[in-house]
Structures are given as structure tokens and as C-alpha cells.
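What follows is one structure encoded as C-alpha cells, with my remarks underneath.
There are 2 protein chains.
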Amino acid sequence: MTENDKLTEEKIFESATEVFIEKGMDGARMQDIADHAGINKALLHYYYRTKDRLFNAVFEKIAGQMFKKFAPIFDENLSLEEKLRFFFREHITFMQKNPKLPLFILNEFHRNPGRIRKVVQKIDINKLWTVLEAQHKEELKNYNITRETIPQFMTTVAGMSVFPFAARPVIASIMEKMGYDFDQYIEERKEYAPDFIINALKKQV
Amino acid sequence: MTENDKLTEEKIFESATEVFIEKGMDGARMQDIADHAGINKALLHYYYRTKDRLFNAVFEKIAGQMFKKFAPIFDENLSLEEKLRFFFREHITFMQKNPKLPLFILNEFHRNPGRIRKVVQKIDINKLWTVLEAQHKEELKNYNITRETIPQFMTTVAGMSVFPFAARPVIASIMEKMGYDFDQYIEERKEYAPDFIINALKKQV
DNA sequence: TTTAAATTTGACCATCTGGTTAATCTATTT
DNA sequence: AAATAGATTAACCAGATGGTCAAATTTAAA
Numbered sequence: 115m116t117e118n119d120k121l122t123e124e125k126i127f128e129s130a131t132e133v134f135i136e137k138g139m140d141g142a143r144m145q146d147i148a149d150h151a152g153i154n155k156a157l158l159h160y161y162y163r164t165k166d167r168l169f170n171a172v173f174e175k176i177a178g179q180m181f182k183k184f185a186p187i188f189d190e191n192l193s194l195e196e197k198l199r200f201f202f203r204e205h206i207t208f209m210q211k212n213p214k215l216p217l218f219i220l221n222e223f224h225r226n227p228g229r230i231r232k233v234v235q236k237i238d239i240n241k242l243w244t245v246l247e248a249q250h251k252e253e254l255k256n257y258n259i260t261r262e263t264i265p266q267f268m269t270t271v272a273g274m275s276v277f278p279f280a281a282r283p284v285i286a287s288i289m290e291k292m293g294y295d296f297d298q299y300i301e302e303r304k305e306y307a308p309d310f311i312i313n314a315l316k317k318q319v
Numbered sequence: 115m116t117e118n119d120k121l122t123e124e125k126i127f128e129s130a131t132e133v134f135i136e137k138g139m140d141g142a143r144m145q146d147i148a149d150h151a152g153i154n155k156a157l158l159h160y161y162y163r164t165k166d167r168l169f170n171a172v173f174e175k176i177a178g179q180m181f182k183k184f185a186p187i188f189d190e191n192l193s194l195e196e197k198l199r200f201f202f203r204e205h206i207t208f209m210q211k212n213p214k215l216p217l218f219i220l221n222e223f224h225r226n227p228g229r230i231r232k233v234v235q236k237i238d239i240n241k242l243w244t245v246l247e248a249q250h251k252e253e254l255k256n257y258n259i260t261r262e263t264i265p266q267f268m269t270t271v272a273g274m275s276v277f278p279f280a281a282r283p284v285i286a287s288i289m290e291k292m293g294y295d296f297d298q299y300i301e302e303r304k305e306y307a308p309d310f311i312i313n314a315l316k317k318q319v
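Chains E and A, in that order, are what the protein sequence lines are.
Take 115 as the starting number for the first sequence in the numbering used here and just add one per residue.
Take 115 as the starting number for the second sequence in the numbering used here and just add one per residue.
The structure is reproduced here in C-alpha cells:
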């Protein structure tokens, strides 16, 4: 029973996750989710009272997973360069397995900005940066990163990783026409991105 | 009369544009658009037969505008560096005025990949690159751009410009907590981005 | 085996939504 | 001023959609 409980509820949750990611909150239909899980629509409301609650459950889990992927950077005992390489390798690999996640998250954050606070509140980014700064005090002297340009740097890193997936349909379509392969392009980006950034940040002596 | 015709049809088109960008195709309601334009809902169907047709009209115009912003790069008589600076200045300025466009476009392309071909087909990107290559044959020798890394380079440029707007809610929320101002960050990005890229591409002699 | 609780379902409902239609209003033409 | 064509509206419709409910079925406890 408890066994079966979890199976049904999990099946619902997983189906909801797939359908919501594919169609978004507005585009998803409760019937689709029920069909996808092979159950009656009323069961959705039995486990999760409303569409909103179901969506919230799905979204919070996904957003959590996504941000967890950033965490290891702060405790791994690596040099800054190695951390950058580590991040791009891990993060892009994760998105290769979940290519539709980025756009889904950006989109639902945009449509309901209230959600962001819940996720962002949990993180003390100032502290995170202070830790990072302390860990690499000497190293940082060789790079063009100042208090003023942290946002520029951070969003550049995030963008180089996320943007190819958020814009995948457009990029893939253009590349196909030019004779490039999108998957290979992604694979190469794991190295290209950190190389690019490290090169950009190095102070010209 | 013809005068009034245009006024009504334009009013509808503009209202539709706003509502579609704000809520997306799925989230937008014909009634919202009618209300926004201050007219009866039936009038929408009088001028544009269906929601799909109305959306298509809006989307094609927007996508067209967006891509036109990339065009000047290919005929302006500037150095590569200057073209990069020109692009970021113009493109980011354009998005400052239409901050919700990028996510809207990415989203609708994702939801209906068929649309992309219509837009992409019109552009012969191979030829565009050949032109660009010929224009800057000498200059390119100093940069780390090869046939193989063109996609990496192009998407990096696009991403550095577009990503901050696509992820604006998240970025702005985090920055607010860190004491940075999003608008100022965007303003500074017009220079930071080309600087960053040029630095990254310069061959270490 | 009986009983009670939890799970699953089919049928149903109120509301919303895109779309239609017949009638009214407006303006131009004759 | 009458007629005609186009613009605008109120009322309406069929189908979809989120959600409910009582009945049926399964599972666990007694």
C-alpha cells in the first residue's frame, strides 16, 4: 500500500514534470498529465488538490535541483580555473540530459516573479562570494574581476552555459543549415567556454 | 474611414503584441486583447480570423524586427572590434526598450519550431559569414576564430547580449539582494561585453 | 471473514474560451 | 434623402477545462 501509494504519486509527479516542462504551466492540461500517467484525472486532484499546487510541487523540485548544480563550486578544493572547467563540464552535462529545463525555468520565473524570492532567499550570495574570494585571494590578483564586475562575470558564465539550451531550436536550426552538428557543438562548449573566459579575464601583463 | 480602419486594426495589432509578449500565445486571451484595445471581441475576428492568425501576424513582425537588428553589422564599414562594439551597443539598447522580447521569442520558437524555418530560411548565413570573412581577412589573423569555432563565437556573442534579458527576473532579484542595480548593470554591459570578447579572442603572442 | 480505511473511477458541473451570427450603427455615394 | 457598403456590437454556441462527488474497488486491520 505504502509501496503502491508512492508508485502512483510518483507516477503523477513524473508525468506532471514532463508535461509541464514540455508545454509550460499555461499550455499543460490536467487531462494530458492523467493520460501520460495512465490514470483517471480525478486522481490528480486526490493527491494534489489543484493544478497550481501540482505545478508548484514540480517547479520547486526542479528549481532546487538546478541551483544545487551550482553549489559544489564553493567547496571543491580546486583552483579558480579548475572550478570554472568543473562547472561548465558538470552544468552542461546536466543540461544535455535535461535540455528543456533552462527555458522552462526562465519562462515560469518570468511569468510568476514571486517564485524567485523563495529560491533566492535561501541563498546568501554575498557570503558565497566572500567565501570564494577568500579561497582564491592570491589567484584573483591575476584576473580582471573586481567587486564592480562580479555581476558581469557571473552572468557571462551562466549565460555561456545556459543560453545554447534556451535558444536551442534557433541555434540548432541555423547550424543545420551551416553544416554544423548541435550536439557536437555542445560537447565542445564544455572546453571552449572555460578557455574563453579564462583568456578574457587574464590581465595582459 | 480608411483612416479609422487603420486606427482600429493598428490598435488591435498593438494590443495583441503587448498581451502576447506578456502572457505568451497560450496564456493570452482574446478577451484580454479586446479589452486592452477597448473594442468588442468580435472585432478581433473581423480583422484577423482566428487567434492563430493574429498571433502569427504579431510574431512574424516581431521576429523580423529582432533579426533586422543583426543586419547592419554586415554592411557598416567598421573594423571587427568596432563592429562588435556597435552590435552590443545597438542590440542591448534595443532590448532595453523591449526587455520582454527575447524570452518571448525563444519561448515561441521552442513551442513551435516550425516557425523558425520561415525566419531562418530567408537568411543565407554561410554567405553572410563569407562576406564578413572577406571584409576582415587581415584582421582575423589576430583573432582566435576558425571555421570550427564560428558557432561557439557567434552564440557567445548572442548569449552575452540576450541572456541578461531572458533571465532578467532571476538576475535582477539576485542583484537586488547583493546591492547592485540591474539597469546600471545592463548599461555597463554595452562596453563590458565587447571588451570581454575581444580580450578572449586575442591571440597571446 | 468482516470491517474500515484508503484508493480509483465514471459521471457530472460551472466556468471559460475561441469563434459565429444577426442586428445595429456609421459613413460614403448617388 | 435614400441606398449601400463597411464597421461594431450584443447575444449566443459548442467544446474544452479545472474541479467535484458519490459510488465502486482495492488494501489493510480486526
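Where is the CB? At the ideal position from N, CA and C, for every residue including glycine.
Cβ of residue i less than 8 Å from any chain E Cβ?
{"i": "A:VAL133", "result": "no"}
{"i": "A:ASP140", "result": "yes"}
{"i": "A:ARG143", "result": "no"}
{"i": "A:PHE181", "result": "no"}
{"i": "A:THR207", "result": "no"}
{"i": "A:PHE188", "result": "no"}
{"i": "A:ILE288", "result": "yes"}
{"i": "A:TYR294", "result": "yes"}
{"i": "A:TYR257", "result": "no"}
{"i": "A:PRO265", "result": "yes"}
{"i": "A:MET115", "result": "Below a pLDDT of 50, predicted positions are generally treated as unreliable, and A:MET115, at 36, falls in that range; no measurement from the model is reported."}
{"i": "A:THR270", "result": "yes"}
{"i": "A:LEU217", "result": "yes"}
Using a cut-off of 9 Å between C-beta atoms, extract the partners of residue i located in chain E.
{"i": "A:ASN191", "result": "Those do not exist, as A:ASN191 stays about 25 Å from chain E at its closest Cβ, beyond 9 Å."}
{"i": "A:GLN249", "result": "Ordered by position in chain E, no residue passes the 9 Å Cβ test against A:GLN249, which lies about 18 Å from the chain."}
Please list, in chain order, the chain E residues whose beta carbon lies closer than 8 Å to that of residue i.
{"i": "A:TYR161", "result": "In chain order: nothing, as chain E lies at least about 25 Å away."}
{"i": "A:ALA314", "result": "PHE310, ILE311, ASN313, ALA314"}
{"i": "A:VAL234", "result": "VAL284, SER287, ILE288, LYS291"}
{"i": "A:GLY152", "result": "Those within 8 Å of A:GLY152 in chain E number zero; the least Cβ separation is about 25 Å."}
Take residue i as the anchor and find which of the options has the nearest alpha-carbon.
{"i": "E:ILE135", "options": "E:LEU217, E:TYR299, E:PHE208", "result": "E:LEU217"}
{"i": "E:THR207", "options": "E:SER275, E:VAL233, E:LEU194", "result": "E:SER275"}
{"i": "A:MET268", "options": "E:LEU242, E:THR263, E:PHE310", "result": "E:PHE310"}
{"i": "E:ALA272", "options": "A:ARG261, A:ILE239, A:VAL284, A:GLY293", "result": "A:VAL284"}
{"i": "E:HIS205", "options": "E:SER193, E:LYS183, E:LEU220, E:ALA307", "result": "E:LYS183"}
{"i": "A:HIS150", "options": "A:TYR306, A:GLU128, A:THR270", "result": "A:GLU128"}
{"i": "A:ALA171", "options": "A:MET139, A:ILE259, A:THR260", "result": "A:MET139"}
{"i": "E:TYR162", "options": "E:ARG231, E:ILE126, E:ARG225, E:MET180", "result": "E:ILE126"}
{"i": "E:GLU196", "options": "E:GLY141, E:ALA156, E:ILE239, E:GLU253", "result": "E:GLU253"}
{"i": "E:GLN235", "options": "A:ARG225, A:ASN258, A:LYS291, A:ILE239", "result": "A:LYS291"}
{"i": "E:ILE288", "options": "A:ILE300, A:GLN266, A:TYR306, A:ALA281", "result": "A:GLN266"}
{"i": "A:ASN258", "options": "A:GLN318, A:GLU124, A:LYS155, A:PRO227", "result": "A:GLN318"}
{"i": "E:TYR306", "options": "E:ASN226, E:PHE200, E:LEU220", "result": "E:PHE200"}
Residue i and residue j: beta carbons closer than 8 Å?
{"i": "E:ALA130", "j": "E:ILE147", "result": "yes"}
{"i": "E:LEU158", "j": "E:ILE312", "result": "no"}
{"i": "A:ILE176", "j": "A:LEU121", "result": "no"}
{"i": "E:PHE279", "j": "E:MET209", "result": "yes"}
{"i": "E:HIS250", "j": "E:LEU194", "result": "yes"}
{"i": "E:TRP243", "j": "E:ILE264", "result": "yes"}
{"i": "A:PHE188", "j": "A:PRO308", "result": "no"}
{"i": "E:GLU222", "j": "E:PHE277", "result": "no"}
{"i": "E:PRO339", "j": "E:ARG282", "result": "In this structure chain E extends from 115 to 319, so residue 339 of chain E is not present and cannot be described."}
Would you give the residue range spanned by the alpha helix (DSSP H) that residue i belongs to?
{"i": "E:ASP264", "result": "Contrary to the premise, residue 264 of chain E reads as Ile rather than Asp in this sequence. From DSSP, the alpha helix (DSSP H) with E:ILE264 extends over 264-280."}
{"i": "A:LYS175", "result": "165-182"}
{"i": "A:ALA142", "result": "A:ALA142 -> no alpha helix (DSSP H), and no H or E assigned at all."}
{"i": "E:ASP309", "result": "296-315"}
{"i": "E:ASN154", "result": "Element bounds for E:ASN154: n/a, residue is neither H nor E."}
{"i": "A:ILE230", "result": "228-235"}
{"i": "A:ASN221", "result": "215-225"}
{"i": "A:LEU194", "result": "194-211"}
Chain A beta carbons: is any one of them nearer than 8 Å to that of residue i?
{"i": "E:ARG199", "result": "no"}
{"i": "E:PHE310", "result": "yes"}
{"i": "E:ASN118", "result": "In this predicted model, E:ASN118 has a pLDDT of only 47, less than 50, meaning its place in the structure is not dependable; the value taken from the coordinates is given anyway. No, because no Cβ of chain A sits closer than 8 Å to the Cβ of E:ASN118."}
{"i": "E:GLN210", "result": "no"}
{"i": "E:ASN240", "result": "yes"}
{"i": "E:PRO278", "result": "yes"}
{"i": "E:VAL172", "result": "no"}
{"i": "E:ARG303", "result": "yes"}
{"i": "E:PRO227", "result": "yes"}
{"i": "E:THR260", "result": "no"}
Give the residues of chain E in contact with residue i, contact being defined as C-beta atoms less than 7 Å apart.
{"i": "A:ALA281", "result": "LEU220"}
{"i": "A:PHE223", "result": "PRO283, VAL284"}
Along chain A, in chain order, which residues have C-beta atoms closer than 9 Å to that of residue i?
{"i": "E:GLY178", "result": "The contacting residues do not exist; E:GLY178 stays about 14 Å from chain A at best."}
Quick one: which chain A residues come within Cβ less than 8 Å of residue i?
{"i": "E:ARG231", "result": "SER287"}
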